[in-house]
Every structure is written in C-alpha cells, then in structure tokens.
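Here is the structure we will look at.
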Amino acid sequence: MKHNRKTLAKLIANRLNIKEETVERVIKEFVETVREEVRNGGVIEIRGLASWRKNKKGKVKVKNFIKEG
C-alpha cells in the first residue's frame, strides 16, 4: 500500500499512541531537513532505511536500504 504523509502519520500515531498532528509535524520537519541538507551538498544516511545525496549532475539520488523478505 502506498502512503502519503498524512496516512503515514496516522499509522505511526496509532502505533505510538500519540497525536497525529505531532507525527505530521515531525515528518514535515524531517523532509525539510533532508531537502535542505541535500541542496547544500550534504548527504543524509539512515542505516536500514535510505540515503539521500546529489549526484554530479545535481539530481537527488535516493538509495533504499530496506530489504524485502
């Protein structure tokens, strides 16, 4: 199933028993932090999840570390 920020926030909020609005804010700030860091030439890597970086052409590349199975 594909999720957007709102549905993802709802899943996390239900699992952690916290307010959905709080999770939405955390997700929003996470995305903005990743965008800003990558725009400035930095690399974000969360082991077991993904990494984000610019390639030589300036395009953002995302590498997925989630293994299926």
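In the numbering used here, the protein residues as written are 428 to 496. Beta carbons: idealized from backbone N, C-alpha and C, even for Gly.
Compute the beta-carbon to beta-carbon distance between residue i and residue j, rounded to the nearest angstrom, for a pair I have assumed lies under 8 angstroms.
i: Phe492; j: Ala477; result: 6 angstroms
i: Ile471; j: Val461; result: 5 angstroms
I'd like the span of the alpha helix (DSSP H) that includes residue i, first residue to last.
i: Arg480; result: It is not in any alpha helix (DSSP H) - Arg480 instead sits in the beta strand (DSSP E) that spans 477–481.
i: Glu464; result: 447–466
Which residue's Cα is closest to the Cα of residue i: the options?
i: Ile473; options: Val489, Val450, Arg466, Glu448; result: Val489
i: Glu463; options: Val450, Ala436, Trp479, Thr449; result: Trp479
i: Val487; options: Asn467, Glu495, Gly475; result: Asn467
From what residue to what residue does the beta strand (DSSP E) around residue i run?
i: Asn491; result: 487–491
i: Glu495; result: Glu495 -> no beta strand (DSSP E), and no H or E assigned at all.
Would a C-beta distance cut-off of 9 angstroms place residue i and residue j closer than the cut-off?
i: Glu451; j: Lys433; result: yes
i: Lys484; j: Val465; result: no
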